[in-house]
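Residue numbers for the sequence shown follow the numbering used here, so the first one is 291 and each next one is one higher.
A virtual CB, placed ideally from N, CA and C, is assigned to each residue, including glycine.
See below for the structure under consideration.
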Amino acid sequence: MNIDPNWITSILLFVIGAFLITICVLALLLIESKRAKARIEATLETSVARHKALLQEHRAEIELIEDQHQVQLAKLAMTHSQELDGMRGILAISDLDRDEALRNTDAAERQTTLLRNQLDEIHVFLESCSAGTDETAMAVRHRLFQIHSEAC
291 MNIDPNWITS ILLFVIGAFL ITICVLALLL IESKRAKARI EATLETSVAR HKALLQEHRA
351 EIELIEDQHQ VQLAKLAMTH SQELDGMRGI LAISDLDRDE ALRNTDAAER QTTLLRNQLD
411 EIHVFLESCS AGTDETAMAV RHRLFQIHSE AC
């Protein structure tokens, strides 16, 4: 079989041309992929920067809210402390009132006992006066005078 050299040359030129076109297409694809990679990296960096900025903004807002809560808690604690101090003052006053009432009650009980004793002695005096002996009446009068002197 005899093959024409022009035909072989044509086929070789066609194959070389196809390889060159394929190499050019692959080179263009490689260049485009590098550009796409660069765009993706830039987009990713921008997204990361935006995300970091949002995180910082959120942190600042969280700190602001925490500060507001701390201020509110401090005000609430101060109000609570003042209310407790007020209640302690009221309790102290009521303790003083209770102690005074107890002292007054004790004094009234002593006075009542003293008045009963005096009433009993007066009753004895009246009975002795009605019995008619002057010596007993004088002794009771003397005793009543002593009690009256001690009371005053």
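1. Counting Cβ pairs closer than 8 Å, one from the region 368-377 and one from the region 386-404, do we hit at least three?
2. Please tell me whether D410 has its Cβ less than 7 Å away from any Cβ of chain B.
3. Would I383 and Q408 be called neighbours here (beta carbons separated by less than 7 Å)?
4. With a cut-off of 8 Å on the beta carbons, I'd call F415 and L434 a contact; round off their distance for me.
5. Alpha carbon to alpha carbon, how far is L344 from A328?
The relevant details are as follows:
1. Look at the beta carbons and you see the region 368-377 not touching the region 386-404: under three pairs across the two are nearer than 8 Å.
2. Although the question refers to chain B, the structure presented lacks it and comprises just one protein chain.
3. Judged by their CB atoms, I383 and Q408 are not nearer to each other than the 7 Å cut-off.
4. Right, their Cβ atoms sit about 6 Å apart.
5. The straight-line gap from Cα to Cα measures roughly 24 Å.
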